[in-house]
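Undergrad: For reference, each letter of the sequence shown is one residue, going 32 to 582 in the numbering used here.
A virtual CB, placed ideally from N, CA and C, is assigned to each residue, including glycine.
The structure displayed is predicted, hence computed values, not measured ones.
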Amino acid sequence: MNQAMERMRDMGESEYSGFMRVLFGLSSPSPVPLDLTKDPEYGEGKVEWFDPTLNDSQKDAVRFALASKEIALIHGPPGTGKTHTLIELILQMVKRDLRVLVCGPSNISVDNIVERLAPHKVPIVRLGHPARLLPSVLTHSLDVLTQTSEAGLIVKDVRTEMDAKQASIKKARGGRERRAIYGDLKELRKEYRERERRCVSTLVGGSKVVLATLHGAGGFQLRGERFDVVIIDEASQALEAQCWVPLLAATKTVCAGDHLQLPPTVKSANSKANKVKPKPKGKEGGGEDGDDTNNNGIIKGTSLETTLFDRLLRLHGPAVKRMLTTQYRMHERIMRFPSDELYESRLVAADAVKGRLLRDLPYGGVADTEDTSEPVIFIDTQGGDYPEKNEEEDDEDGKTKKKATLRSLLGESKSNEMEAALVRQHVRKLVDAGVRPEDIAVVTPYNAQLGLLAPLKEAFPGIELGSVDGFQGREKEAVIVSLVRSNSEGEVGFLSEKRRLNVAMTRPKRSLVVVGDSETVRRGGKFLNNWMDWLENNADLRYVDSASIEA
32 MNQAMERMRD MGESEYSGFM RVLFGLSSPS PVPLDLTKDP EYGEGKVEWF DPTLNDSQKD
92 AVRFALASKE IALIHGPPGT GKTHTLIELI LQMVKRDLRV LVCGPSNISV DNIVERLAPH
152 KVPIVRLGHP ARLLPSVLTH SLDVLTQTSE AGLIVKDVRT EMDAKQASIK KARGGRERRA
212 IYGDLKELRK EYRERERRCV STLVGGSKVV LATLHGAGGF QLRGERFDVV IIDEASQALE
272 AQCWVPLLAA TKTVCAGDHL QLPPTVKSAN SKANKVKPKP KGKEGGGEDG DDTNNNGIIK
332 GTSLETTLFD RLLRLHGPAV KRMLTTQYRM HERIMRFPSD ELYESRLVAA DAVKGRLLRD
392 LPYGGVADTE DTSEPVIFID TQGGDYPEKN EEEDDEDGKT KKKATLRSLL GESKSNEMEA
452 ALVRQHVRKL VDAGVRPEDI AVVTPYNAQL GLLAPLKEAF PGIELGSVDG FQGREKEAVI
512 VSLVRSNSEG EVGFLSEKRR LNVAMTRPKR SLVVVGDSET VRRGGKFLNN WMDWLENNAD
572 LRYVDSASIE A
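#1: When burial is assigned at 16 or more other CB atoms within 10 Å of the CB, is E271 buried or exposed?
#2: Between which residues of its own chain and T282 is the CB-CB distance below 6 Å, once the five residues before and five after are set aside?
#3: So what's T356 in DSSP terms, helix, strand or just coil?
#4: What are the start and end residues of the alpha helix (DSSP H) that includes R530?
#5: Please report the straight-line C-alpha distance between L540 and V466, rounded to a whole angstrom.
#6: Suppose you measure from the CA of D70 to the CA of L104; what does that come to, to the nearest Å?
#7: Are A269 and L165 closer than 9 Å when you measure CB to CB?
#8: I'd like to know whether the C-beta atoms of R459 and R257 end up nearer to each other than 9 Å.
#9: Can you have a look at S238 and say buried or exposed, based on whether 16 or more other CB atoms are within 10 angstroms of its CB?
#10: Would you decide whether H160 is buried or exposed? Buried here means 16 or more other CB atoms lie within 10 Å of its CB.
#11: If you follow the alpha helix (DSSP H) that P486 is in, where does it begin and where does it stop?
#12: Select from M36, V231, R573, L543 the residue whose C-alpha is nearest the C-alpha of V510.
#13: Are T244 and V168 closer than 9 Å when you measure CB to CB?
#14: Between the alpha carbons of R455 and L67, how many angstroms are there, rounded?
#15: Examine the Cβ distances between the region 283–290 and the region 107–114 and report whether three or more of them are shorter than 8 Å.
#16: Evaluate R220 with the Cβ neighbour count: other Cβ atoms within 10 Å of its Cβ, from every protein chain shown; 16 or more gives buried, anything less gives exposed.
#17: From V397, A451, T475, pick the residue whose C-alpha is nearest to that of P468; which is it?
#18: Give the secondary structure of D91 by DSSP, where H, G and I count as helix, E and B as strand, and everything else as coil.
#19: Go through the region 54–104 residue by residue and report every complete run of the alpha helix (DSSP H) that reaches 4 residues or more, in order.
#20: I need the boundaries of the beta strand (DSSP E) containing S542, first residue and last residue.
#21: I'd like the span of the alpha helix (DSSP H) that includes F558, first residue to last.
#22: The alpha helix (DSSP H) spanning S140 covers which residue range?
#23: Do you know how far the Cα of V260 is from the Cα of R190?
#24: Between T356 and R224, what straight-line distance do the alpha-carbon atoms span, to the nearest angstrom?
#25: May I have the straight-line CA-CA distance separating F409 from T233, to the nearest angstrom?
#26: Thinking C-beta only, is E506 closer than 9 Å to R538?
#27: Can you tell me whether DSSP reads A269 as helix, strand or coil?
#28: Threshold first: 4 residues or longer. Then list the alpha helix (DSSP H) segments lying entirely within the region 503–527, N to C.
#29: Whose C-alpha, out of F491, A451, V384, is nearest the C-alpha of G482?
#30: Flag this pair as touching only if the region 472–482 and the region 526–537 have three or more C-beta atom pairs under 8 Å; answer yes or no.
#31: Just to confirm, are S517 and D548 a CB contact at a threshold of 9 Å?
#32: Buried or exposed, going by whether 16 or more other CB atoms sit within 10 Å of the CB of K265?
#33: Nearest to A98 by alpha carbon, out of A35, S61, G249, D41?
#34: Could you give the distance in angstroms between the alpha-carbon of V515 and the alpha-carbon of Q480?
#35: Check whether the region 205–218 and the region 109–127 touch, using three or more Cβ-Cβ pairs below 8 Å as the test.
#36: From the DSSP output, which residues share a beta bridge with L242?
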């Protein structure tokens with residue numbers, strides 16, 4: 032990342048490509064017609080689809096990405112088949128003889144694409160250390176291909192010859208003979224390195240699609256390589272500095288992601304640049320009227336959390352974006368609130384998922400109960416009888432400092448014992464009704480609450496417990512969300528981050544159960560207040576009878 036940033040810093044204006052000028056707002060992107068179905072090149076009947084079952088919004092996104100000259104953003108809300116769309120796009124680009132570099136912020140995001148692309152028999156190479164790749168994609172990794180390709184077999188022969196020479200040194204009798212063998216070894220090593228370099232170059236250069244993590248794209252294997260397009264999956268979870276590693280090798284990019292879910296995790300304490308106080312007026316280094324930089328030369332209000340996806344959308348507006356609108360994950364009612372509040376009411380549930388409930392699970396044997404026949408349940412603990420707790424600080428000598436350190440690491444994490452008991456009770460009811468534990472997940476924004484819920488793992492092997500942040504990109508048949516916050520001050524902390532809540536409420540397929548104190552939560556801002564109102568009017572609303580709670 033540092034090298035990429037330095038390269039850009041040291042570029043003269045004459046070196047800026049038209050592509051880079053668009054990415055930094057120095058030029059506007061080439062216009063693309065709003066309706067491409069009538070376009071002479073990409074219209075109806077002009078594109079032969081590899082997967083004709085794509086829905087209209089997916090086809091529109093592929094057409095748009097093909098027609099765009101510099102940038103295209105594909106906005107994929109939860110469950111809308113973003114990766115599915117990217118596979119079609121890659122195949123269409125290869126068909127048009129374009130060279131494509133596909134990247135993602137993590138190995139799993141890239142491997143996911145390799146797995147789905149492999150059956151299409153396109154020449155692909157996956158860069159990355161074999162130990163970090165999924166076993167299913169290893170046959171496409173550069174390391175394996177260098178051993179199994181024709182050029183790789185010649186390299187192997189040279190290696191065998193080198194090993195034989197190395198072994199013969201021990202048998203050499205005189206110094207002259209040894210020197211001769213060392214001379215031969217030196218030549219063989221030189222030949223080995225040269226052949227290996229050529230082998231890698233042949234494999235990478237001969238591949239229409241190269242796949243790597245954003246960091247991996249900066250490796251020596253791609254030095255000097257050029258691509259027509261860089262596709263960045265999960266772009267809204269990638270640091271912008273990461274994205275520039277592959278972008279410097281291309282003239283067009285397609286970024287796919289959802290900027291309304293969580294941004295990349297930034298742990299540095301000074302991540303918010305506007306914390307740095309500017310120098311007083313008139314002093315060297317900024318701070319003048321109208322100057323938007325602080326004394327470190329950093330633009331005020333920026334942070335590493337601002338992704339390339341966010342910035343391009345802000346810079347060029349919705350004209351550079353297409354949204355996928357049919358979702359294949361959630362029951363219609365689970366989808367309704369996030370769709371109305373965050374996605375302009377544009378999401379539509381596919382016919383196959385819009386009415387499915389836990390009682391309809393395909394393995395059968397699930398009883399039709401009040402818990403398996405409702406898609407959204409809200410267990411409201413209002414009344415303040417079940418207050419949250421801070422991570423308690425132990426005042427015993429010698430332990431205080433350790434506890435204080437733990438508190439700072441957990442960010443003074445919160446827990447709520449009564450909510451944990453309600454979650455355990457609901458899980459038991461679902462399992463008793465015939466739902467398999469592996470189809471249930473419990474998520475909560477607080478690590479301390481996860482600690483209280485840990486006994487569920489022993490009681491119901493297969494159940495999944497996780498933080499909201501860690502569950503992004505995942506899905507389960509039933510998801511129980513414990514909100515934890517319950518206090519007289521109406522403090523909700525980072526629960527007020529609507530992207531975090533969006534992730535929590537869009538993980539389930541058939542059943543969403545929310546456990547929380549509506550009185551506290553609704554005071555956390557407009558989004559939370561709207562959610563509480565929506566749950567009270569549309570969910571199966573339940574109030575707690577403390578006598579019925581099992582410890």
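TA: Taking the definition as stated:
#1: buried
#2: F50
#3: coil
#4: Note, R530: alpha helix (DSSP H), 529–536.
#5: A quick correction: the sequence has Lys, not Leu, at residue 540. Using only the alpha carbons, I get a separation of about 13 Å.
#6: Cα-Cα distance, rounded: 20 Å.
#7: no
#8: Contact: no.
#9: buried
#10: exposed
#11: 486–490
#12: L543
#13: no
#14: 52 Å
#15: yes
#16: exposed
#17: When only C-alpha atoms are compared, the closest one is V397.
#18: helix
#19: Fully enclosed alpha helix (DSSP H) runs of 4 or longer: 87–98.
#20: 539–547
#21: 557–569
#22: 138–148
#23: In a straight line, the C-alpha of R190 is about 36 Å away from that of V260.
#24: 51 Å
#25: 59 Å
#26: yes
#27: coil
#28: none
#29: A451
#30: yes
#31: Contact: yes.
#32: Contrary to the premise, residue 265 reads as Glu rather than Lys in this sequence. The residue in question, E265, is buried, as its Cβ has 16 or more Cβ neighbours within 10 Å.
#33: S61
#34: 7 Å
#35: no
#36: V133, R157
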